[in-house]
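Engineer:
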Amino acid sequence: MDFPLFHLDFMGNRMLVAVIAILHVLINHALAVGFAPLVTLLEFRGYLKSKTKPDEGKAWDETARKLMFFAFVITTSVGALTGVGIWFATSLANPASLGSLIRVFYFAWFTEWIIFVLEVVFIMIYYLTWKKSNESPRRKRQHIRFGLFLSIFSWLTMAIIVGILAFMMDPGSWIEKKSLVAGFLNPIYLPQLVFRTPVAMMMAGTVALMFVAYALKKQNKWKTNILKYISFWILLWMPVAASGAFLYYWHIPRAMVGNLPVALGTQQFQDWYGSLVTTMIVVVSIGFLVGILGTFSPRRLPKHLLIIPVAASFLFLGTFERLREFIRKPYVIGDYMYANGILVEEYPLYQQTGILKHSPYTAFSEVTKENNIKAGEAVFTLACTRCHTTHGISSVVRKFERMYGTENPLNEDAMKTYIKSMHNVRYYMPPFPGNEEELGALAAYIAAQQKRPKTLEGPQIKGVDVKEIEFETQNE
Amino acid sequence: MITAILTQLPVPKDIPLPLPLPEWLLIFILILSFLLHILFINLMVGGSVLTFWYEWRGRKNKDFDRLAREIAATITVNKSLAVVLGVAPLLSVNVLYTLYFYSSNALTGNIWISVVPWVAVAFLVLYLHKYSWDRLADNKPMHLGILAIGIFSFLLIPFIFLTNINLMLFPERWGEVEGFFSAMTLPNVFPRYFHFLTASMAVTGFFLAWWFGRKSFTTETKFKTLQKNEIKKQMLNLALVATGMQFIFGPLLFLTLPAKGVTWGLFWVILAGATIAGIIIYQLWIMINEVEKVPGKRFYLVLGLFTLLVAFMGTGRHMYREDALSTHKQMMAQRTAYHWEEVQKAHENLLLPQVESEAGSFTPGQNIFETNCAICHAPATRLIGPAMTEAAPVYENNIEALKQWIKNPGRKRMDFPPMAGFPHFTDKQLTDVAEYVLQKEWE
C-alpha cells in the first residue's frame, strides 16, 4: 500500500483524530445515548402529572422539549459531522490501516449505518412533532413511544461500534479468526458496554442539570422538583457505573496479559492505569455528591459549579478513550499492521532491501552521500510521521533531547543504535522498517533538524514526489 | 518536487485484502446510495437558495416571507438525511477505490478535512436563521445576513468534494498538484460544479411544487393573497428553466471530460439521459399550463422520468470513473503481485544461515544485553542511562537485586530519564543478562 502521506507537523496526525473523535464520543454519550432516555422519562412524567395537575405536567413537558431542542441542534450538526469527521481524519492519518479495516468490517459498519439512519429519522420525528403531540393524549403516548425507540436505537449504535473497537484491540481475533463475531465475544466487550452505558446516563444527567439550572427561570415553581428528579437520575445510575467500572478495571489487565508482549509493570502503563483509576473514582464521587445534593437539597445546588461534574465526566471519558491506544500499540491492527501502516509481513523485504526503492512517493531509491538528509526526510515521512512530528507534538527531536540531554548536539551513531533496537525497549514502538543506510539517513536527518529546525510540510501543502518503479509484467 | 515535463505515473501497491462483497454489489450500493445522498444535498442547497430568494422578496410581500419560512422548514430534515446518507457512499468508495480516494484525500487534505467543521458551523448557522425568524423580524438585514453565511458555505463546499473525486481519477496528475487549489483547477471540476448547482435548483423546484401542491398543505390559513397555484407555477418554472440550463452545462461537462475515460458506451448512456431530459422539459411545460392538476398523474410520470434520468447519469458517471482508471488498476494489480513475490523471497532469505557481524557468537546474556540494554547503557560514558562502569558496581554481590531492578526498575537518578522495565523476561533471561553484566570488565 502506497499513499501520499498527509502530515500535520505541529499538531501531529493523531491529535487530529483525537480531537474529532473525542468530541464525537462526548456528544454521543452525553447528548444522545444518555440524553434520549432521560428526556423521554421527563416527558413521560409530565404526561402522568398532566392528568391531575395540568400546569405542572405542562412545565415538565416544556422542560423536556427544551432539553430535546438543545440535543437536537447539537447532535444533528456537530455530532453528525464529527462522526463523519472520524472517517475523514483516520483516512488521512493512517490510510493503510483504514483501507484494510474497512474491508474486514464493511458489514459491521454498514449495519451500524442502517441503525444510524433510523436514529436520525427517530430524532427528527421525536423533536419536530413535539408541539403537535400535545394536541391529544393519544398523540402524546405515541410521541413518548418514539422517544423510547430513539433511546433504544441510540444505545444500539453504541453497542455495535464498541464491539468493532473491541475487535480491533484484540490481535488474536484478526489473525486467527478474521471474523467479526470474535469482536463481540472479546472479553473486554461486555465490561466496556456495562461501563459505558451508565456513564452515558450520568453524563447526560449532569448536562441536563446544568441546562435546566440556567434555562429555567427562578420564578418557575417547578424548577426545583425537576432539578431534584434529574439529580436522582444521576444518583440511580451511579452504583451501576461503579460496578461497571470495577468490572472493566478487573478485566483490563487480564485481557492485556494475553495481548501484549509486555504486560503490567512497564512504567507508563502503570502510571496511566493509576490515573484511570483515580479519574474513575473522582468522577463517580463527583456524580455521587451532585446527585445527593440535588436530590435532597436542590435549592442549594450551585448553578455555576455545575460545570464541574460536566467537565469532570468529559475529562474522564477522554482519559478512558486512551485505553485503546495502549492496548493496540505498536500495532494499529494487532499482529498484522504496525502503527506506521507497514505490514508485519513486509518487514523482512524492507529491512533487507530498504524501503525507499519500494515507495513511488519518494524521489530517491537509495541513500547516497549527496542525498543523505533528503533521503532521511523521506524515510522519516514513511516510517515515523503517522505518530511523530519534527518539532511539534510527539517531536522526535525533543524525545531524543530528553534522553540524551541538550548539552551536546544529538549523536547520529547513538540514535542509529537506539532506533534499531528501540522496539525491544519501548514496547509501543514498531521496529525500524528499512536497511542500515536508511537508518543512517534518518539519524542524520534528525540531527540536522535539531541543528536547523525546519517544518516538514505534508503533501497537502507541497505536493508529492513521484517516481516510477520497475515491476515485471506478467506477459513478458 | 520534481517538475518533469513528462510527469511520472505512480503505481502504488494495493490493499492485499479481498473485497467484502462481490464487486458488482458494492458498485450497486455505491451508485444507489450516492444518488440518494446527492438528492438530499440538492434539496438542501436549492432549498437554502430559494429560502433566501423568497425572504428577500418577502421584504415587500409578507406572503413570500411566510413561504420562505415554509421552505426553511424542509431544509432541517433534508440536511440531516443528506449527511447520514453520505456515509454509505463514502464507505463504499473507500472500499472500491481505496488507493485512489485516499491518495486524493491526502493531496487535498487540509481543505478536505475543513469540511467537518465548516458543514457543522453551516448547519448551526441555518438553525440560528430558522429559530431567530420572529426575534429578528424587524431586523431583516441581519436575518438575511445569517442565511447568507449558510448559503455562501453551501455554494463553496461542493468544490471540496468535486476536487477530491476528480483528482482521484487522474493518478498521472498526483505528482503535479501542490495542495487543494491547484487540484481544484484541474479539468473538469468547474463544469461539474455548475452542472451540480443547476441540478440542485431543478430538483428543488420540482420537489417544492409537490411539497406545496399536496392536499394537506393549506394556504388559506398561511397566506393573505398568495395562491397555491401561483406557488406551484413558480416552482415548476424554476424546474423547467434549470433543466433547460443543463443543456448548456451538461454538454460543457461532457466535452471537457479528459479523454482517457470517454468511450462510446459513455456517450450513448449520456445521450439517453439527455433525451429523457428533453422529454422532461416538454412535460414540465405542459404541467405549468395545467398547474391546478399538480401533483397529478403527469407529475408522477415526470418523477419517474427524473429517476430514470438520474439513473442514466449516475451510471454514466460511474462508467467514466471505471474507464478512466481501468489501465491504472491493471498496472496496480501487477505491481502488487510483484511486490508480494518480493516479500515472499525476503522471507525465504531469512531461512539462510545468518552471518554474525562480530567474530564468534554471543553468549545468551551478551545477546540480551546488546539488543536490549546497549541502546541506553554504554560501557563507560553516559548515553541515555548511566554508564555500565557506574551502574554495574552497585549490584556487585547482589545478583537478585539486579534482576529485580531490570525487571521492575525504580527511579534513583532524577537527572536521568526513567528506565523502561522488562517484566516479560523469564527468570533464565534475567539471570543470563545479570550474570553477563556482573562478570564483564566494564571500561
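Heads up: the protein sequence lines correspond to chains A and B, in order.
Numbering-wise, this note's numbering comes out as the position in the first sequence, counting from 1, plus 414.
Numbering-wise, this note's numbering comes out as the position in the second sequence, counting from 1, plus 22.
C-beta atoms are modelled at their ideal positions from N, C-alpha and C, and glycine is treated no differently.
As the structure is a computational prediction, the values presented were derived from the model and not from experiment.
1. Using the beta-carbon of each residue, which ones in chain A are nearer than 8 Å to Val365(B)?
2. Would you say Thr130(B) faces chain A, with C-beta separation under 8 Å as the test?
3. Using DSSP bridges, identify the partner residues of Leu470(B).
4. Please give the ranges of any alpha helix (DSSP H) in the stretch 279 to 357 of chain B, keeping only runs that are unbroken, at least 4 residues long and fully inside the region.
5. Give the list of continuous alpha helix (DSSP H) stretches no shorter than 4 residues that lie fully inside the stretch 479 to 548 of chain A.
6. Hey, how far is the Cα of Ile578(A) from the Cα of Met482(A)?
7. In chain B, which residues lie with their C-beta within 9 Å of the C-beta of Tyr745(A)?
8. Give a yes or no on whether 8 Å exceeds the smallest Cβ distance from Gln30(B) to chain A.
9. Just to confirm my understanding: we take Ala368(B), look at its own chain, exclude 5 residues before and 5 after, and list those with CB closer than 6 Å. What are they?
10. Along chain E, in chain order, which residues have C-beta atoms closer than 7 Å to that of Ala142(B)?
11. Is the CB of Phe417(A) under 8 Å away from at least one CB in chain B?
12. State yes or no: is the C-beta of Ile700(A) within less than 8 Å of the C-beta of Ala726(A)?
13. Inspect the CB distances between the stretch 65 to 83 of chain B and the stretch 513 to 527 of chain A and report whether three or more fall short of 8 Å.
14. Buried or exposed, going by whether 16 or more other CB atoms sit within 10 Å of the CB of Ser689(A)?
15. Could you check what DSSP says for Ser809(A) in three-state terms: helix, strand or coil?
16. For Tyr540(A), which residues of its own chain have a beta-carbon under 6 Å away from its beta-carbon, when the five flanking residues on both sides are left out?
17. Counting pairs of beta carbons, one from the stretch 647 to 667 of chain A and one from the stretch 598 to 610 of chain A, are three or more of them closer than 8 Å?
18. What number of angstroms, rounded off, separates the C-alpha of His340(B) from the C-alpha of Phe321(B)?
19. Taking DSSP as the reference, what is the three-state secondary structure of Leu41(B)?
20. Consider the Cβ of Phe420(A): report whether some Cβ of chain B lies at a distance smaller than 8 Å.
21. Can you say whether Pro40(B) is buried or exposed, counting buried as having 16 or more other CB atoms within 10 angstroms of its CB?
22. Got a sec: is the Cβ-Cβ distance from Ala402(B) to anything in chain A below 8 Å?
23. For Gly499(A), tell me which candidate among Thr130(B), Phe202(B), Ile135(B) has the shortest Cα-Cα distance.
24. At the 8 Å Cβ level, is Ser505(A) part of the contact set with chain B, yes or no?
25. Would you report the Cα separation of Thr393(B) and Ala507(A), rounded to the nearest angstrom?
26. Mind pulling the chain A residues with CB within less than 7 Å of Ser125(B)?
27. Please classify Val291(B) as buried or exposed, where buried requires at least 16 neighbouring CB atoms within 10 angstroms.
28. Under 9 Å, CB to CB, which of the residues in the stretch 836 to 861 of chain A have a partner in chain B?
29. List the DSSP bridge partners of His772(A).
30. Taking C-beta pairs closer than 9 Å, name the residues in chain A that Ala43(B) reaches, listed in chain order.
31. To which residues of the same chain is Arg91(B) closer than 7 Å at the C-beta, ignoring the five residues directly before and after it?
32. Tell me where the beta strand (DSSP E) around Tyr745(A) begins and ends.
33. Give the residues of chain A in contact with Thr120(B), contact being defined as C-beta atoms less than 7 Å apart.
34. Does DSSP put Thr869(A) in a helix, in a strand, or in coil?
35. Around the Cβ of Trp286(B), are there at least 16 other Cβ atoms within 10 angstroms (buried) or fewer (exposed)?
36. Does the stretch 179 to 188 of chain B come within contact of the stretch 215 to 233 of chain B, defined as at least 3 CB pairs closer than 8 Å?
Structural biologist: In this structure, then:
1. Here the neighbours are Glu759, Glu760, Pro762, Leu763.
2. A Cβ of chain A is located within less than 8 Å of the beta carbon of Thr130(B).
3. Chain B is shown from 23 up to 465; residue 470(B) falls before or after that span and cannot be answered.
4. Those alpha helix (DSSP H) runs which fall completely within the stretch 279 to 357 of chain B and span 4+ residues are 286 to 311.
5. Taking only runs of at least 4 residues, the alpha helix (DSSP H) segments lying wholly in the stretch 479 to 548 of chain A are 494 to 507, 509 to 542, 544 to 547.
6. Between the alpha carbons of Ile578(A) and Met482(A) lies a gap of roughly 29 Å.
7. Neighbours of Tyr745(A) in chain B, taken as residues whose beta carbon is under 9 Å from its own, are absent, since the nearest beta carbon is some 16 Å off.
8. Yes, Gln30(B) counts as interfacial toward chain A.
9. Nothing listed; no residue qualifies.
10. Among the chains of the structure shown, chain E does not appear; the protein chains present are A and B.
11. Chain B contact via Cβ: present.
12. Yes, they are a contact pair.
13. The stretch 65 to 83 of chain B makes no contact with the stretch 513 to 527 of chain A: fewer than 3 CB pairs, one atom from each, lie closer than 8 Å.
14. Residue environment analysis places Ser689(A) among the exposed positions, since fewer than 16 neighbouring C-beta atoms fall within 10 angstroms of its C-beta.
15. Strand.
16. So the list reads Phe560, Gly561, Leu564, once near-sequence residues are dropped.
17. Counting Cβ pairs under 8 Å, three or more are found: they touch.
18. Rounded to the nearest angstrom, the gap between the Cα atoms of His340(B) and Phe321(B) is 28 Å.
19. In this structure, Leu41(B) counts as coil in the three-state DSSP scheme.
20. Interface residue (Cβ-Cβ distance to chain B less than 8 Å): Phe420(A) is classified as such.
21. Looking at its Cβ environment, which holds fewer than 16 other Cβ atoms inside 10 Å, Pro40(B) is exposed.
22. Chain A contact via Cβ: absent.
23. From the listed residues Thr130(B), Phe202(B), Ile135(B), the smallest Cα separation to Gly499(A) is found for Ile135(B).
24. At least one chain B Cβ lies under 8 Å of Ser505(A).
25. Distance between the alpha carbons of Thr393(B) and Ala507(A) is about 31 Å.
26. By Cβ distance, chain A contributes Phe417, Pro418.
27. With 16 or more other Cβ atoms from the protein chains shown falling within 10 Å of its own Cβ, Val291(B) counts as buried.
28. Answer set for the stretch 836 to 861 of chain A: Met836, Asn838, Val839, Arg840, Tyr841.
29. As far as DSSP is concerned, His772(A) takes part in no beta bridge.
30. Just to set this straight, residue 43(B) is Leu in the shown sequence, not Ala. At a beta-carbon threshold of 9 Å, the residues of chain A lying near Leu43(B) are Tyr520, Phe521, ordered along the chain.
31. Closer than 7 Å at Cβ, skipping near neighbours: Trp155.
32. Segment 745 to 747, the beta strand (DSSP E) holding Tyr745(A).
33. The answer, in chain order, is Gly513.
34. Thr869(A): coil per DSSP, three-state reduction.
35. By the beta-carbon neighbour count (other beta carbons within 10 angstroms, threshold 16), Trp286(B) is exposed.
36. Per the Cβ contact rule, the stretch 179 to 188 of chain B is in contact with the stretch 215 to 233 of chain B (3 or more Cβ pairs under 8 Å).
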